[in-house]
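Q:
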Amino acid sequence: MSIQRLVIVGFLLAASTIVAAQGERDSLKIYISADMEGVAGAVTADQLGPSGFEYERFRGFMTAEVNAAIDGARTAGATEILVSDSHGNGENLFIEQMPSDVMIVRSWPRELAMMEGIDESFDGVIFIGYHASTANTRGVRAHTMSSANVTDLRLNGMSMSEGSMNAAIAGQFGVPVIMVSGDDVAVAETQVIVGDMEGAVVKWAKGFHSALTLTPEAAREVIRTRAASAVSRIDEFEPYILDTPIEVELSLKHYQPVELLAYLPNIERVNSHTVRFIAQDMTEVSKFLEFVLNYEVGLQP
């Protein structure tokens, strides 16, 4: 048999193996949690909130990055996708620009916060537009949950990013994170804490409010490629699972919230800025953090 025929036969055998592997799954469900600080070009509040002069444009860029991840995932066999709009007010994505068969989680509050809707039926999680943690000395707009209030969040003694915390929520349901996009610091930090996953770097941090960035079009291509690669090897990833019960240490910028939280019998004040809470699982962790960071006595309706 000639070398040319051997190459052709080898290609056909590889293709048939891929088709057979895909055929073993009746469905392949992907969960996408989308933030905005890690979107290509986003560097300051000018892009990140309704009062920013570039916010409307960057809503479009965020939507396009999510759609690129959807395209890549579907190319590799994804059949069902749920998207969580997880930045700011939770009403950022242009939902009319998204595929008609995609479901979207919007606004707040949510018991599972940026991971609302995740359950055991999903096969993998993709993070789009993520950023580094508040404890990281580098990273564009680095923070954890609240840039105004939170100075550190530790689970079982480890300082967490939003990416690692959300990976632990997914891990409770046995679902692995398979890809993350954002700046180089956010991608590396998530991979170090959580483990093996595809990384789509769309900008390189130069400071808290500065970056060297890809164009939106180039970023979408990177995300599309990495999402396809992640889904194509989805069986290689492992869920990120924390030992239970989970010790939560939350450090806040201001004294008074810490003092008042310590009035509750299940919360211990560790120092002037930190409280400790023991949670039975990541659902309890999420509920605790959502309450502490969002409750106001004057909330209406």
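Under this note's numbering, the residue at position 21 of the sequence shown is numbered 22, and the numbers go up by one with no gaps.
Glycine included, every Cβ here is placed at the ideal spot set by N, Cα and C.
Please state whether the Cβ-Cβ distance between L29 and M37 is less than 8 Å.
A: Taking 8 Å as the Cβ cut-off, L29 and M37 do not qualify as a contacting pair.
Q: Let me check understanding here. Comparing Cα to Cα, which of M115, A228 and S148 lies closest to V67?
A: Nearest of M115, A228 and S148 to V67, Cα basis: A228.
Q: Go to R277, then tell me how far its beta strand (DSSP E) extends in each direction, as first and last residue.
A: That run of the beta strand (DSSP E) goes T275 to A280.
Q: Is P246 buried or exposed, if buried means 16 or more other CB atoms sit within 10 Å of its CB?
A: Exposed, since its Cβ has fewer than 16 Cβ neighbours within 10 Å.
Q: Going by DSSP, which residues form a beta bridge with T272?
A: Correcting the residue identity first, residue 272 is Asn in this sequence and not Thr. Paired residues: T275.
Q: With DSSP as the reference, please indicate the residues paired to S160 in a beta bridge.
A: Per DSSP, R155.
Q: Give the DSSP bridge partners of D184, in chain order.
A: Answer by DSSP bridge pairing, in chain order: K204.
Q: Measuring only the C-alpha atoms, how far is M146 from D153?
A: Whole-angstrom Cα-Cα distance: 10 Å.
Q: Give me whichever residues DSSP pairs with K30 in a beta bridge.
A: Note: K30 sits in a beta bridge opposite E81.
Q: What are the start and end residues of the beta strand (DSSP E) that includes L290?
A: Where L290 is concerned, there is no enclosing beta strand (DSSP E), although the alpha helix (DSSP H) it sits in stretches over M283 to N295.
Q: Thinking V103 and D86 are a contact (beta carbons under 8 Å), I'd like their distance in whole angstroms, please.
A: That belief does not hold up - the Cβ atoms of V103 and D86 are roughly 11 Å apart, past 8 Å.
Q: Can you look up I119 in the DSSP assignment and give me helix, strand or coil?
A: Three-state result, I119: coil.
Q: Give me the residue from D27, R26, A65 and S52 with the minimum Cα distance to R221.
A: Nearest of D27, R26, A65 and S52 to R221, Cα basis: A65.
Q: CA-CA distance, D124 and A169?
A: Approximately 15 Å between the Cα atoms of the pair.
Q: Give the DSSP-derived three-state secondary structure of M104 in the structure shown.
A: M104 falls in the strand class under three-state DSSP.
Q: Skipping 5 residues on each side, what residues in its chain have a beta carbon closer than 6 Å to that of H144?
A: If we look at H144 and ignore the five residues flanking it on each side, its Cβ neighbours are T135.
Q: Candidates Q98, V44 and L290: which alpha carbon is nearest L253's?
A: Minimum Cα distance to L253 is reached at L290.
Q: Beta-carbon within less than 7 Å of V44's beta-carbon, same chain only, minus the 5 sequence neighbours each way: which residues are those?
A: Excluding positions up to five away in sequence, the list reads V141, H210, S211 and A212.
Q: Just to confirm my understanding: we take P217, look at its own chain, exclude 5 residues before and 5 after, and list those with CB closer than 6 Å. What are they?
A: Closer than 6 Å at Cβ, skipping near neighbours: A41 and F62.
Q: Is the beta carbon of A133 closer than 8 Å to that of V186?
A: Taking 8 Å as the Cβ cut-off, V186 and A133 qualify as a contacting pair.
Q: Leaving out the 5 sequence neighbours to the left and right, which residues in its chain are closer than 8 Å to N157 when beta-carbon positions are compared?
A: Once the five neighbours on either side are set aside, the close Cβ partners of N157 are L243, D244, I247 and E248.
Q: Could you compute how far the alpha carbon of M116 sits from the alpha carbon of G89?
A: Cα-Cα distance, rounded: 14 Å.
Q: In whole angstroms, what separates the C-alpha of A201 from that of Q257?
A: Looking at the two C-alpha atoms, the distance is approximately 40 Å.
Q: Measure how close the beta-carbons of V178 and M198 come, nearest whole angstrom, since I'm counting them as under 8 Å.
A: About 5 Å separates the two Cβ atoms, so the contact holds.
Q: If you run the structure through DSSP and keep just helix, strand and coil, what is E222?
A: Helix, per DSSP.
Q: By the DSSP assignment, the alpha helix (DSSP H) with G73 in it spans what residues?
A: Unbroken alpha helix (DSSP H) run through G73: Y56 to T76.
Q: Relative to the C-alpha of A171, which candidate in A149, G130, N150 and G118 has its C-alpha closest?
A: Considering only alpha carbons, the answer is G118.
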